[in-house]
Amino acid sequence: MSKKSYRQAINEALAQEMRRDPTVIVMGEDNAGGMGAPGEDDAWGGVLGVTKGLMPEFGRDRVLDTPITESAFIGAAVGAAATGLRPVAELMFVDFLGVCFDQIFNQAAKFRYMFGGKAVTPVVIRTMYGAGFRAASQHSQCLYPIFTHIPGLKVVVPSSAYEAKGLMIQSIRDNDPVIFLEHKVLYDEIEEVPDEPYTIPFGEANLTREGDDVTIVALGRMVGFANKAADMLQKQGITCTVVDPRTTSPLDEDTIIEAVEDTGRLVVVDEASPRCGMAADISALVAQNAFKALKAPIRMVTPPHTPVPFAPQLEDAYIPTPEKIADAVRQVMA
Amino acid sequence: MQLNREELLQSYRTMCTIREFEERVHSEFSEGGIPGFVHLYAGEEASAVGICSHLDDRDNIASTHRGHGHCIAKGCDVNGMMAEIFGRGEGLCGGKGGSMHIADLSKGMMGANGIVGGGPPLICGAALTAKTLKTGGVAVAFVGDGASNQGTTLESYNLAKVWNLPAIFVVEDNGYAESTASVWAVAGDQSKRAAAFGMPAYELDGNDFFAIHQAAGEAIERARGGGGPSLLHVKLTRYFGHFEGDAMTYRQAGEIEVARRERDPLKFFRRRVTEAGVLESSQLDEIESDVKSLIDQSVALSKAAPPPTPERLLTDVYVSY
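Just so you know, the sequences run in chain order Z and W. Residues 1 to 334 in our numbering are what the first sequence spells out, letter by letter. Residues 1001 to 1321 in our numbering are what the second sequence spells out, letter by letter.
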């Protein structure tokens, strides 16, 4: 056990899996960096350094830099997965989904079902998401509801370094296509992470705390915010259960429903756009299955249904905050 | 690349199987026994067979929505295919794929594809697997003239070249992307496009099995030897509509009849091998008659087979609702 950042935790998971299994390869734009260029090898190790050091250890044959052609290389990762490799492909920003989505949702997601269960597609698509970098509309989206909408994809939204390592190893060993969403603001967040490999199963939510009054379900970066809100509320005598589903597909419906049955109140926090998002989905799940347990209307805390703005003041107003979450909890307690 | 008698007989048998299969699917579809969309490959047989006869179990292909011919040429089970097209539980994909998604990965057939241009990136991946695991395999992407304009195809040319992949791209140009003529929709020239990516290219008459076989052999041998990707541009004629039910009002009157009479790939093959005295007409007649029985039988089996059991709706995928 040692302190590691979210970035280091993912890097360690990749390295350990590549050592264990020679069919695991890594590919993406600048994943080593400097391919064909006159300067250093492993110049970048990914645009934010998540794959740094893999190329020197595993070589260019297993850490492949790609041209900026997401359709071709995401599709190649899918085709390689269907024929015997376990590729981890990096879609640098999830916003670039728009240039390669067919290979994900019509190809990878469909093979196992459409081919009558006779195909496996063990590909992991790592992708960076989320607001907070002043990166504006085309580099800040969440988009995991779009993947969650597609049967055949598994969707992972790790909320911390510990979660990221265990969920990444699980993702690589899974035989279905997995979309692994890394929040760019979390990369430097540090916590204790075991040095040895470990897995966290999909579809098993984590209760980061348990309380009596309100259940907060939050995803990704919002889990930390929900816990901050719960800390503030505790001083006012309101105790919360915070549920981190970890994966939106599969979704641990039972844990969410049970947690709401225990507290009788639900606040759902999601950084994604609100329409057809996880907040609405989880609200519907609870309304359908635990309506009688509810003592107050469900509250959703999400950004407004707008693109992510650039100006720091606007972006700060866009992103849900611990204060907004605490306000929503107080509303359901009123 | 000289073919021996056995190889010639096998090639003719495979081409005849595709032709008979497609003619029967055409008639069965018109009688209402086949659900959904079907897109037939009749008239294009020399391409699938000329190329796939070089391939073995190490090799993968990705096909198009017009995929039956590639399936048969890559060795997929004909009864399983027919059952799949009829939507039966014992079909190649358990009745969950149908004509447009027919596949058998155990035979290296990565699927017909409902998405125009869906296959080339997948083939880059299959070629990457072959290269990484050093299997000696190659991967072949069949696309139509329509898909030749898709970004996925052009991106894949680039990726295959910069990664030096054992990949072959085959543009099967039947003159029409749906109803739109390739002479209008394709800017420039297929071979020059390949040249621009640094790939060798071949311009081929799709009715000439022997020319296709020769060129494919060179391209595949080069790919197996680490020489990278190539492109084959095959000009051919589709004997049916884009899909079954297409009235084909965009085609010239008599176009198909003339092609069937004067440029048919099976007749071309027959003439070539009998005139050269390599095979007897009677041997080819026998194959045609065998194949007819085989397809009769596969249709009968498919018609008698049960549909998938209802619980198959919820298998082969993680289901949350």
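Where is the CB? At the ideal position from N, CA and C, for every residue including glycine. Note that this is a predicted model, so its numbers are computed, not measured.
Residue 289 of chain Z - DSSP class collapsed to helix/strand/coil: helix
My parser needs the alpha helix (DSSP H) runs of 4 or more residues fully inside the segment 1173-1257 of chain W; what are they? 1182-1185, 1190-1196, 1209-1224
Please return the same chain residues whose Cβ sits closer than 6 Å to the Cβ of residue 1078 of chain W, not counting the five positions on each side in sequence. 1298
Could you give the residue range of the alpha helix (DSSP H) that holds residue 1019 of chain W? 1005-1030
Note down, in chain order, all residues in the segment 103-130 of chain Z with a beta-carbon under 8 Å from any beta-carbon belonging to chain W. 103, 106, 107, 110, 111, 112, 113, 114, 115, 116, 117, 118, 119
Which bits of chain Z does residue 1317 of chain W rub up against, with CB to CB less than 7 Å? 112, 113, 151, 152
Does the beta-carbon distance from residue 1167 of chain W to residue 1123 of chain W come in below 7 Å? yes
For residue 152 of chain Z, the nearest candidate out of Z/143, Z/248, Z/321, Z/66 (CA to CA): Z/248
Here's the rule: buried if 16 or more other CB atoms are within 10 angstroms of the residue's CB, otherwise exposed. What is residue 1249 of chain W? exposed
Are the Cβ atoms of residue 1244 of chain W and residue 1116 of chain W separated by less than 7 Å? no
Taking DSSP as the reference, what is the three-state secondary structure of residue 249 of chain Z? strand
How should residue 1094 of chain W be labelled, buried or exposed, when 16 other C-beta atoms within 10 angstroms of its C-beta is the threshold for buried? buried
Mark residue 299 of chain Z as exposed unless 16 or more other C-beta atoms lie within 10 angstroms of its C-beta, in which case mark it buried. buried
Give the secondary structure of residue 1322 of chain W by DSSP, where H, G and I count as helix, E and B as strand, and everything else as coil. Outside the shown range of chain W, which is 1001 to 1321, sits residue 1322 of chain W, and nothing can be said about it.
Just mark residue 1113 of chain W as buried or exposed, buried being the case when its beta carbon has 16 or more other beta carbons within 10 Å. buried
Does residue 1124 of chain W get closer than 7 Å to chain Z when you measure Cβ to Cβ? yes
Straight-line gap, residue 130 of chain Z to residue 229 of chain Z (C-alpha atoms, nearest Å): 20 Å
Any chance the segment 29-37 of chain Z sits against the segment 60-75 of chain Z, with 3 or more Cβ pairs inside 8 Å? yes
Helix, strand or coil at residue 1101 of chain W according to DSSP, with G and I counted as helix: helix
Could you give the distance in angstroms between the alpha-carbon of residue 1228 of chain W and the alpha-carbon of residue 1068 of chain W? 27 Å
Please report the Cβ distance between residue 1235 of chain W and residue 1204 of chain W, rounded to the nearest whole angstrom; I am assuming they are in contact, meaning their Cβ atoms lie under 8 Å. 7 Å
Output yes if chain W places a C-beta closer than 7 Å to the C-beta of residue 283 of chain Z; else output no. no
Any C-beta of chain Z sitting closer than 7 Å to the C-beta of residue 1164 of chain W? no
Do residue 1120 of chain W and residue 1156 of chain W have their C-beta atoms within less than 7 Å of each other? yes
Among W/1285, W/1263, W/1125, W/1096, which residue has its Cα nearest to the Cα of residue 1044 of chain W? W/1263
Across which residues does DSSP place residue 29 of chain Z in a beta bridge pair? Note: residue 29 of chain Z sits in no beta bridge, so no partner.
Quick one: using the 10 Å Cβ neighbour count with 16 as the cut-off for buried, is residue 400 of chain Z buried or exposed? Past the boundaries of the shown model lies residue 400 of chain Z; chain Z is included only from 1 to 334, so the question cannot be answered.
Can you tell me which residues form a DSSP beta bridge with residue 1318 of chain W? Beta-bridge pairing links residue 1318 of chain W to no other residue.
Could you pull the start and end residues of the beta strand (DSSP E) that residue 294 of chain Z belongs to? From DSSP, residue 294 of chain Z is part of no beta strand (DSSP E); its letter is neither H nor E.
State the start and end residues of the unbroken alpha helix (DSSP H) segment that holds residue 128 of chain Z. Element bounds for residue 128 of chain Z: not the alpha helix (DSSP H) but the beta strand (DSSP E), 124-129.
What is the DSSP secondary structure of residue 265 of chain Z, counted as helix, strand or coil? coil
By the three-class DSSP mapping on this structure, what secondary structure does residue 3 of chain Z have? strand
Proximal residues of chain Z, C-beta to C-beta of residue 1155 of chain W below 9 Å: 67, 69, 70, 71, 72, 73, 75
Using the Cβ count rule (16 or more neighbours within 10 Å means buried), how would you classify residue 1 of chain Z? exposed
Span of the alpha helix (DSSP H) holding residue 1078 of chain W? 1078-1085
Secondary structure at residue 223 of chain Z, three-state DSSP: helix, strand or coil? helix
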